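**Student:**
Numbering (our numbering), first residue to last: 55 to 427.
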């Protein structure tokens, strides 16, 4: 009888300590933030690919995919617990809103009314401000083993933005090893919306340097920035510059060419590319590949732009999952979105959302393997 009791206790302990394939302990994500419960949700497909998501910030915490040898590797940066996400502020894996990227001086005018947002990055509003969606708790509903719905109500005036908006993020893990993400939003007052996913990808699976990762971007032009990372309003050709990724090029090949002012201004790559696909979700927007593991990530989107950020400001001060130190340029972010500061540049694709309309944005991160054969 005693032995059975001991086994029962041990079984309960195992359940409490239940881990994911990526080594995450679910109980480390089960707490309350701002009076709302957080948790870790696990998506798994028929190929045993696993994606773990927390409703704190709608963050992708881990992505386990097979390499060319069939070994499963975690290819995104992140933390082991909600407390780490709170105590070490970052955008790792987050569903960003209301407005991804920067808004000049945190100001924009809509229908004759000027709005002032927080200025949290070189005098500009970045990623919706210091209390953007990445630090809020989404309501979560796991629809099935391969689908998660996240919903968040952003109230009128939150971080200075007008309108009560209901946002939805639908993440599906497909059987062809793709993370299919759809964003939806509705408002009761004219506002601006521009959502994205901010996963930090390292396809080596060890969070080492991104220098050897091969990057391809289907874009003939990009939007230059000044020394405060603000877009000038120009759209400039990539031809003959270190911004040309129309053919596969190692991320680190030209990233330190600071004689080219755009790389100096961005401290490397932290720019928006103007996609040739022009909203065609069936046309590949970008590809990232690790020669080391053979893991390939193809990105598809119906958005006009993609912000590529090469982890320039990671500095070794953050310790992530499994005690790994995240040094400079340990990852590449591929953020599909409207162009930066679009609300102040009416000639660019609009981010305005009005009552009766539905904001829709679609991004697909599709994984495969190049085994070199």
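Every residue gets a Cβ at the ideal spot worked out from N, C-alpha and C, and that includes glycine.
In this text, all values refer to a predicted model and were calculated from it rather than measured experimentally.
Cα separation between residue 306 and residue 207?
**Tutor:** Taking the straight line joining both Cα atoms gives about 40 Å.
**Student:** Which term fits residue 248, buried or exposed, when burial requires 16 or more other beta carbons within 10 angstroms of its beta carbon?
**Tutor:** Buried, because 16 or more other Cβ atoms sit within 10 Å of the Cβ of residue 248.
**Student:** Please state whether DSSP places residue 397 in a helix, a strand or coil.
**Tutor:** Three-state DSSP puts residue 397 in a helix.
**Student:** Between 168, 129, 176 and 82, which has its C-alpha nearest residue 320's C-alpha?
**Tutor:** Answer by Cα proximity: 176.
**Student:** Quick one: any contact between the stretch 389 to 403 and the stretch 244 to 259, if contact means 3 or more CB pairs under 8 Å?
**Tutor:** Taking 8 Å as the limit for Cβ pairs, the verdict is that the stretch 244 to 259 does touch the stretch 389 to 403.
**Student:** Which residue spans inside the stretch 172 to 238 form an unbroken alpha helix (DSSP H) run of at least 4?
**Tutor:** Whole alpha helix (DSSP H) segments, 4+ residues: zero.
**Student:** Does DSSP classify residue 271 as helix, strand or coil?
**Tutor:** Three-state result, residue 271: strand.
**Student:** My guess is that residue 364 and residue 323 are in contact by the Cβ rule of under 8 Å, so how many angstroms apart are they, rounded?
**Tutor:** So it is a contact: roughly 4 Å between Cβ atoms.
**Student:** In angstroms with no decimal places, state the Cα-to-Cα distance between residue 280 and residue 318.
**Tutor:** Computed Cα separation, rounded: 10 Å.
**Student:** What is the DSSP secondary structure of residue 84, reduced to helix, strand or coil?
**Tutor:** Residue 84: coil per DSSP, three-state reduction.
**Student:** Between residue 271 and residue 386, how many whole angstroms is the CB-CB distance? I'm expecting something under 8 Å.
**Tutor:** Contact flag wrong, Cβ pair sits at about 11 Å.
**Student:** Cβ of residue 350 within 9 Å of Cβ of residue 424?
**Tutor:** Cβ atoms of residue 350 and residue 424: closer than 9 Å.
**Student:** Quick check: residue 118 and residue 76, are their CB atoms within less than 9 Å of each other?
**Tutor:** Cβ distance < 9 Å, so residue 118 and residue 76 count as in contact.
**Student:** For the beta strand (DSSP E) that residue 359 lies in, which residues bound it at each end?
**Tutor:** Segment 359 to 363, the beta strand (DSSP E) holding residue 359.
**Student:** Within its chain, find whatever has a CB closer than 7 Å to the CB of residue 129; leave out the 5 residues flanking it on each side and keep chain order.
**Tutor:** Correct list, in chain order: 117, 119, 255, 256, 257, 259 and 349.
**Student:** Would DSSP call residue 117 helix, strand or coil?
**Tutor:** Note: residue 117 maps to strand in three-state DSSP.
**Student:** On the criterion of 16 or more Cβ atoms from any shown chain inside 10 Å, does residue 149 qualify as buried, or is it exposed?
**Tutor:** Answer is buried; the Cβ neighbour count reaches 16.
**Student:** Between the C-alpha atoms of residue 409 and residue 243, what's the straight-line distance to the nearest angstrom?
**Tutor:** Answer to the nearest angstrom: the Cα atoms are 6 Å apart.
**Student:** Hey, could you find the ends of the beta strand (DSSP E) residue 266 is sitting in?
**Tutor:** Careful: residue 266 lies outside any beta strand (DSSP E) and carries neither H nor E.
**Student:** Assuming residue 319 is part of the alpha helix (DSSP H), what are its boundary residues?
**Tutor:** Here the alpha helix (DSSP H) through residue 319 covers 315 to 320.
**Student:** I'd like to confirm the pairing. Which residues does DSSP put opposite residue 423 in its beta bridges?
**Tutor:** Answer is 349, bridged to residue 423.
**Student:** Assign residue 336 to one of two classes, buried (16 or more other C-beta atoms within 10 Å of its C-beta) or exposed (fewer than that).
**Tutor:** Looking at its Cβ environment, which holds fewer than 16 other Cβ atoms inside 10 Å, residue 336 is exposed.
**Student:** In three-state terms, what does DSSP make of residue 90?
**Tutor:** Strand at residue 90.
**Student:** Hey, how far is the Cα of residue 381 from the Cα of residue 165?
**Tutor:** Going by the C-alpha atoms only, they are around 44 Å apart.
**Student:** Give the straight-line distance between the Cα atoms of residue 241 and residue 369, rounded to the nearest whole angstrom.
**Tutor:** Taking the straight line from one Cα to the other gives about 39 Å.
**Student:** Where does residue 344 land, buried or exposed, given buried means 16+ other C-beta within 10 angstroms?
**Tutor:** Buried, by the Cβ-count rule.
**Student:** Less than 9 Å separating the beta-carbons of residue 266 and residue 99?
**Tutor:** Taking 9 Å as the Cβ cut-off, residue 266 and residue 99 do not qualify as a contacting pair.
**Student:** Just verifying my parser: in three-state terms, what is the DSSP assignment at residue 141?
**Tutor:** Residue 141: helix per DSSP, three-state reduction.
**Student:** When you compare each of 414, 358 and 291 to residue 394 by their alpha carbons, which one comes out closest?
**Tutor:** Looking at the Cα atoms, 358 is the closest of the given residues.
**Student:** Give me whichever residues DSSP pairs with residue 328 in a beta bridge.
**Tutor:** DSSP output for residue 328 lists 275 and 359 as bridge partner(s).
**Student:** Tell me whether residue 135 is buried or exposed, calling it buried when 16 or more other Cβ atoms sit within 10 Å of its Cβ.
**Tutor:** Classification for residue 135: buried.
**Student:** So, is residue 213 buried or exposed, given that buried needs 16 or more other C-beta atoms within 10 angstroms?
**Tutor:** With 16 or more Cβ atoms within 10 Å of its Cβ, residue 213 is classed as buried.
**Student:** How many angstroms separate the CA atom of residue 197 from the CA atom of residue 92?
**Tutor:** Going from the Cα of residue 197 to the Cα of residue 92 covers about 17 Å.
**Student:** Let me know the secondary structure DSSP gives residue 338 once reduced to three states.
**Tutor:** Residue state, collapsed to three classes: strand.
**Student:** Quick check: what's the CA-CA separation for residue 397 versus residue 341?
**Tutor:** When rounded, the distance between both Cα atoms is 29 Å.
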